[in-house]
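One rule links them: number in the working numbering = place in the sequence shown (from 1) + 472.
Structure record follows, encoded as structure tokens.
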Amino acid sequence: MQILLSEEELSQGVARLAEHVRHDLGQQPLTVVGVLTGSIVLVADLIRRLDCPVRVGMVWASSYRGTATRPGQLDLRLDLLPDLTNQHVLVVDDIFDTGHTLKALLTELEQRGAASVRSLVLLRKIGRAEVAIEPDYVGFEIPDRFVVGYGLDFDDGWRHLPYLAALDADEIASGKPRAISQVGAIERSTDTP
Ligand code: IMP
Ligand code: MG
Numbered sequence: 473m474q475i476l477l478s479e480e481e482l483s484q485g486v487a488r489l490a491e492h493v494r495h496d497l498g499q500q501p502l503t504v505v506g507v508l509t510g511s512i513v514l515v516a517d518l519i520r521r522l523d524c525p526v527r528v529g530m531v532w533a534s535s536y537r538g539t540a541t542r543p544g545q546l547d548l549r550l551d552l553l554p555d556l557t558n559q560h561v562l563v564v565d566d567i568f569d570t571g572h573t574l575k576a577l578l579t580e581l582e583q584r585g586a587a588s589v590r591s592l593v594l595l596r597k598i599g600r601a602e603v604a605i606e607p608d609y610v611g612f613e614i615p616d617r618f619v620v621g622y623g624l625d626f627d628d629g630w631r632h633l634p635y636l637a638a639l640d641a642d643e644i645a646s647g648k649p650r651a652i653s654q655v656g657a658i659e660r661s662t663d664t665p
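This is how it looks when you write it as structure tokens:
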């Protein structure tokens, strides 16, 4: 496993994203719609950097099963969604990979009478898009590697890592990522002056 983005870099990226949203929306009330489960850490960090009135709703989307690292059938669950009529909506997801999840979600949300619907992702994988839409706000462009941490999972684990790490091919093949907490500890100790 290899650290792609440190805790510090992620924090700076989220601050930049929040600044863009604040610039575009000003003090208008905003409904943030997080995509479970990968967006939980991002939503928590992002909303604390907004200073307009904020409501938070959640939807659930999944296109991976177990240790697969390529998407399968997309499942969407929208029953936790608040009323979006006349609201400015910001859909927040962890990563834009093929783009099918965001496209399907935006199609659903745009039918609910919102005043505007924007989208924000922490990460976009380079060269993977299969749809014509683009997220309005992107935190970081990353290479086509399978990544974990800061909310993103592999086989439902590793979401709690405070940094973003790319899995090695053998870790994906065996389904057993290795000793990442030690990598993090080493990185943090060398960061300390
Ligand atoms: P898309 O529909 O292909 O854009 O996939 C988006 C969803 O796939 C994201 O919300 C993630 O949950 C998941 N995903 C895509 N790439 C990765 C990855 O590298 N690590 C973990 N999850 C990923
Ligand atoms: Mg997801």
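The beta carbon of each residue, even a glycine, is placed where N, CA and C say it ideally should be.
Keep in mind the model is a prediction, meaning the values are calculated, not measured.
- Per DSSP, the unbroken beta strand (DSSP E) holding Gln-474 starts and ends at 474-477.
- Between ligand 1 and the CB of His-572, the shortest heavy atom gap is smaller than 6 Å.
- DSSP places Ser-591 in the strand class (E or B) of the three-state scheme.
- Annotation: the continuous beta strand (DSSP E) that includes Glu-613 extends over 609-614.
- Counting C-beta atoms within 10 angstroms of its own C-beta, Pro-615 has fewer than 16 neighbours from the protein chains shown and is therefore classed as exposed.
- Between Phe-626 and the set Val-610, Glu-613, Tyr-635 and Ile-644, the nearest pair of CA atoms involves Ile-644.
- Assignment of Thr-573 by DSSP, reduced to helix, strand and coil, places it in the helix class.
- Judged by DSSP secondary structure, Ala-645 falls outside any beta strand (DSSP E) and instead within the alpha helix (DSSP H) spanning 641-646.
- If you check the C-beta of Leu-550 against ligand 1, you find no heavy atom less than 6 Å away.
- For Pro-501 and Pro-607, the gap between their C-alpha atoms comes out near 20 Å.
- When the beta-carbon positions are compared, Phe-612 and Thr-541 stay at least 7 Å from each other.
- Measuring C-alpha to C-alpha distances from Leu-546 to each of Leu-636, Leu-574, Asp-555 and Glu-480 identifies Leu-574 as the nearest.
- Ile-567: member of the beta strand (DSSP E) spanning 560-568, first to last residue.
- Pro-649 sits buried, since 16 or more C-beta atoms from the chains shown fall within 10 Å of its C-beta.
- Rounded to whole angstroms, the gap between the alpha carbons of Ser-478 and Leu-578 is 30 Å.
- In the structure shown, the three-state DSSP call for Gly-599 is coil.
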